[in-house]
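One structure is given here, and the rest of the page talks about it.
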Amino acid sequence: MFSGSIPALVTPFRDGTIDEDAFRRLVEWQIAEGSSALVPCGTTGEAPSITSEEQHRLFEVCIAVAAGRVPVIAGCGSNDTQTALWHMQVARDLGADAALMVAPYYNRPSQAGLLAHFSYLAERVELPMVLYNVPGRTVTDIRPETVVELARRFPERIVGIKDASGDMTRLTAHRIGLGGTFLQLCGNDDMALQYNAGGGTGCISVTANVAPRLCAEFQAASLAGDGARAHRLNEQLFPLHQALFTDASPAPIKYAMQRVLGWIGEEVRLPLVAASASSRKAVDAALEHAGLV
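Residue numbering for the sequence shown follows numbering that gives the first Met the number 0, beginning at 0 and increasing consecutively.
Laid out in structure tokens, this is it:
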């Protein structure tokens, strides 16, 4: 259903508002450069800092511009179950192909609470869900046994996971419980090579915002078993993967895109601020290493 290089799209801002023209251009460019699906309103899209109205407009624009050429996985997660339900209903009605559903954050539900939350959503909205586990941000960890139970209960609704836990053993735990048809997408660019080798099907990527063709070529080589090419591309991109997290994301990736593209600005919303001087220096060196400047 979903595989390869899938950018978690930045949200371009200009003078405090969404730069819709730049966002449209970004979607077109990503498709032209070989990205296999698109994720608007994820972490990299600054979902915590945009209004619900802005979020739904970004869904609408992304879906309209993509026009069925690649799937759109709309970032619909919330720590409030009713808000998540609303976002999913809107995404479904607009024509999204799936919803990316982060674990509820801050209120720290138990595993029983996670089962209840995701089950409630699966029972009410006819839209496939890709779970998003990023305990470094949410504190809450969707444990493998919970993932397995959810996918067994709702095989047509809970179709995969974006795993940013950093725990590579979960690939095997999920495969033992669910087999190879359950989609496992890496949430860390710098672990994507090993992740695919362990049974992953692709990456929901930060780096692909600025290097979509290289990321798509890396994923294609990795998934085709072309180890030599996959290693070469991974090593070309690896410093960039790491440099993009030398400051609070997405400030470094927006700086990188401003340097490479020019038509995406650096502006982020408070409480985020622009990338620091040291982060910019690291990004500059990594862009040069990747051959992007």
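Quick reminder that beta carbons are idealized off the backbone N, C-alpha and C, glycines included.
Using the DSSP secondary-structure output, state which residues sit across from residue i in a beta bridge.
i: Val7; result: The residue asked about is misnamed: residue 7 is Ala in this sequence, not Val. Ala7 pairs with Val38.
i: Ala97; result: Ile72
Kindly list the residues whose CB is nearer than 6 Å to the CB of residue i, restricted to its own chain and excluding five residues on each side of it in sequence; keep chain order.
i: Arg56; result: none
i: Ser278; result: Thr245, Asp246 and Pro251
i: Lys280; result: none
i: Gly33; result: Arg212 and Ala215
Alpha carbon to alpha carbon, how far is residue i from residue j?
i: Thr50; j: Phe58; result: 12 Å
i: Asp92; j: Asn78; result: 22 Å
i: Trp262; j: Val26; result: 13 Å
i: Tyr104; j: Trp28; result: 32 Å
i: Ala223; j: Thr200; result: 11 Å
i: Val101; j: Tyr254; result: 26 Å
i: Leu113; j: Gln257; result: 38 Å
i: Phe22; j: Thr10; result: 7 Å
i: His86; j: Val129; result: 14 Å
i: Glu122; j: Asp225; result: 41 Å
i: Leu260; j: Met0; result: 30 Å
i: His288; j: Ala111; result: 46 Å
Taking the beta carbon of residue i as the centre, do at least 16 other beta carbons fall within 10 Å, making it buried, or is it exposed?
i: Ala242; result: buried
i: Leu213; result: buried
i: Glu234; result: exposed
i: Asn106; result: exposed
i: Arg304; result: A query on residue 304 cannot be resolved here, the shown segment of the chain reaching from 0 to 292 and no further.
i: Ile203; result: buried
i: Thr42; result: buried
Closest by CA to residue i, which one among the options?
i: Gly3; options: Gly41, Asn195 and Val129; result: Asn195
i: Asp20; options: Ala83, Val64 and Ser275; result: Val64
i: Glu53; options: Gly74, Phe117 and Ala274; result: Gly74
i: Cys61; options: Ala7, Arg107, Glu122 and Asn106; result: Ala7
i: Glu148; options: Phe117, Ile17, Pro47 and Leu182; result: Phe117
i: Met167; options: Asn187, Leu177 and Gly178; result: Asn187
i: Asp18; options: Ala274, Ile72, Val267 and Pro249; result: Val267
i: Ile160; options: Thr137, Asp283 and Leu99; result: Leu99
Could you pull out every residue in the same chain whose Cβ sits closer than 8 Å to the Cβ of residue i, ignoring the five residues on either side in sequence?
i: Asp189; result: Phe237, His240 and Gln241
i: Thr171; result: Gly197 and Gly198
Leaving out five residues on either side along the sequence, give the residues of the same chain with a beta carbon under 7 Å from the beta carbon of residue i.
i: Ala229; result: Leu192, Phe217, Ala220 and Ser221
i: Pro134; result: Asp140 and Ser164
i: Thr124; result: The sequence given here has Val at residue 124, not Thr. So the list reads Leu84, Met87, Gln88 and Arg91, once near-sequence residues are dropped.
i: Gln81; result: none
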